[in-house]
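*Asks:* Sharing a structure below in structure tokens format, with a few things to ask.
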Amino acid sequence: MPISKKELPAFVRRCYQAAKKANMRNREAEAERLRFYVGGELQWRDEEVTRRRQQQRPIITVNKCKPAVDQIEGDIRLNPPGPQVHPVGGGADGDTADIIEGLIREVEYRSDAKTAYSTAGKYSAASGYGVLELATEYVADRSFAQQVTIMSVEDPSAVFFDPTARMANRQDAM
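In this note's numbering, each number is its position in the sequence shown, counted from 1, plus 139.
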């Protein structure tokens, strides 16, 4: 049943609240892991920082998360993931697979996908949740032609998925 324009804002709010409620514990854990990645006083609980300041005690931290996350991000920058297309069934051949692989590489190069991959990898290593966006954009201002692009998501906590989706790639999302 299609949703009318008048009902759309209420529907979107309901979907947002459902996604927010379904992932609340995960989001809190991700935020705590990101505080550990940032380091400093953020690795301490707020009440402990207050208590130590009142007692004039030092707040010592050794950030062991950042070097590990930086190493993972560096490895992704040096060896970015790339497409591997294999001819399988239906009369597929190696030449067609090579052409499709070349098209994927062209999209990656044009989109600066290395940045999107390393950003998503950094957030995955630091908080357990990284996102990149596969989207389309118009080729020119006065054209309806579109091209595929891979975009970096600088704040994965701003992305919500349908909590009722069960498939890993979320293709069954509403």
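Cβ atoms here follow ideal geometry from the backbone N, Cα and C, with glycine treated the same way.
Quick one: Cα of N308 to Cα of Q193, how far?
*Replies:* If I take the Cα positions, the gap works out to 50 Å.
*Asks:* So does T288 have its beta carbon nearer than 7 Å to some heavy atom of the ligand MN?
*Replies:* Annotation note on the ligand MN: not contained in the displayed structure, which lists no ligands.
*Asks:* Have a look at E245 and D280 and give me their C-alpha separation to the nearest angstrom.
*Replies:* Their backbone Cα atoms lie some 21 Å apart in a straight line.
*Asks:* Taking the straight line between their C-alpha atoms, what separation do you get for I238 and V151?
*Replies:* The alpha-carbon atoms of I238 and V151 are separated by roughly 40 Å.
*Asks:* What do you reckon, are the CB atoms on Y262 and P219 nearer than 8 Å?
*Replies:* Not in contact: Y262 and P219 (Cβ atoms no closer than 8 Å).
*Asks:* Determine the DSSP secondary structure at A236, reduced to helix, strand or coil.
*Replies:* Reduced to three states, the DSSP call for A236 is helix.
*Asks:* Below 8 Å, how does it come out for the region 191-206 and the region 248-259: are there three or more Cβ pairs, yes or no?
*Replies:* Output reads no: the region 248-259 does not touch the region 191-206.
*Asks:* Determine the direct distance from the alpha carbon of D301 to that of A158, and round the result to whole angstroms.
*Replies:* Whole-angstrom Cα-Cα distance: 6 Å.
*Asks:* Can you tell me which of P141, T235 and A304 puts its alpha carbon nearest to the alpha carbon of A161?
*Replies:* When only C-alpha atoms are compared, the closest one is A304.
*Asks:* What does the alpha-carbon distance come out to for the pair K203 and G178?
*Replies:* Their Cα atoms are separated by approximately 9 Å.
*Asks:* I believe V208 touches A265 by the beta-carbon criterion, under 8 Å. Please report the beta-carbon distance rounded to the nearest angstrom.
*Replies:* So it is a contact: roughly 5 Å between Cβ atoms.
*Asks:* With DSSP run on the structure shown, which of helix, strand or coil describes V278?
*Replies:* It is coil, neither helix nor strand.
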